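In what follows, a single structure is set out as structure tokens and then discussed.
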């Protein structure tokens, strides 16, 4: 019996792939899908949280930017060899271009968009005067009120001459409003206070201030043909109707007329919290 050979036993082991017939590849595909969806909804959320002005800037940037035209030269054309170098001047021009990017003509349909664009310009270029500049939409057009605030006036006291603050504001407004083809109405307003020895009175003062504002726009390159009229209303159209003496009533107004619109007395202005 000792000479008998022991039988050879061959054991076959069947290996079972994890995840069944498809293996684990589906997990990778599913993870990629979830990551892509997360990125998509993150982008959508960021766009929703971004202001209209910033979205316009982003759109303008990608429509106009070129690594060859904006980067100081092209390698292919024997340029400077720095195709990714930032051209700050070019970028500044793009930012200026979108100050009023929505349209060349403000209409009643796009009035809110033009208003938002103007507010963006105020926040970025006139931030120190943001509590003195009010923008509202009316049936006739878009109204910009520049307030002669106590402690930070735009006119010299009792004078029709613009001071440094007033000139700085009107310089930005001249460049911005010139982007629109619409005509404008310039209005001067005062409070109801009267001063001893004042020979001109509030009527003359409001008219002179409105006309000086017109002249300052022209000095800064504004097209004179876009000015429809210049008027002074003294204290007859106060912002704070229950207190005609309130300094907030002293202001210069610019009404951007909608296409084929004419001004009237029906407009209303909502005071922002900073000025209430």
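Numbering (this note's numbering), first residue to last: 52 to 327.
Ideal Cβ positions, reconstructed from N, Cα and C, are used throughout, including at glycine.
These numbers come from a predicted model, not from an experiment.
Per DSSP, the unbroken alpha helix (DSSP H) holding residue 83 starts and ends at 76-100. The region 154-170 and the region 265-272 do not touch, with fewer than 3 CB-CB distances between them shorter than 8 Å. Ranked by how close their Cα comes to the Cα of residue 240, the residues 253, 229, 232, 234 have 253 in first place. Here residue 176 is actually not in contact with residue 198; their C-beta atoms are around 17 Å apart, not less than 8 Å. No Cβ-Cβ contact shorter than 8 Å links residue 235 with residue 303. With respect to the C-alpha of residue 203, the residue from 194, 215, 296 having the closest C-alpha is 215.
By the criterion of a C-beta distance shorter than 6 Å, residue 282 is surrounded in its chain by 238, once the five residues flanking it on both sides are discounted.
In the DSSP assignment, residue 196 is bridged to 185, 304. In terms of Cβ geometry, residue 221 and residue 267 form a close pair [threshold 8 Å].
Collapsing the DSSP output to three states places residue 171 in a helix.
In this structure, the beta-carbon distance from residue 243 to residue 190 does not fall below 8 Å.
Take residue 261, set aside five residues on each side of it, and the residues of its chain with a beta-carbon closer than 8 Å to its own are 237, 238, 239, 281, 282, 283, 303, in chain order. Secondary structure at residue 257: helix, using DSSP grouped into helix, strand and coil. For the pair residue 78 and residue 87, the Cα-to-Cα distance works out to about 14 Å.
For residue 263 against residue 212, the beta-carbon gap comes to about 7 Å, under 8 Å, which counts as contact. Residue pairing for residue 281: DSSP places it in a beta bridge opposite 237. Beta-bridge partners of residue 206 (DSSP): 213. The beta carbon of residue 89 is closer than 7 Å to none in its chain, skipping five residues each way along the sequence. Residues 173, 174 of the same chain have their beta carbon placed closer than 7 Å to that of residue 181, with the five preceding and five following residues left out of the count.
Excluding sequence positions up to five before and after residue 245, its CB lies within less than 8 Å of the CB of 252, 253, all in the same chain and listed in chain order. In this structure, residue 101 lies away from residue 169, with their beta-carbon atoms at least 8 Å apart.
Setting aside the 5 residues that flank it on each side, residue 195 is surrounded in the same chain by 186, 305, each with a C-beta closer than 6 Å to its C-beta; the list follows chain order.
Just so you know, the alpha carbons of residue 158 and residue 289 end up roughly 26 Å apart. Residue 217 is classed as buried because its beta carbon has at least 16 other beta carbons within 10 Å across all chains shown. With a cutoff of 8 Å on beta-carbon distance, residue 193 and residue 165 are scored as near each other.
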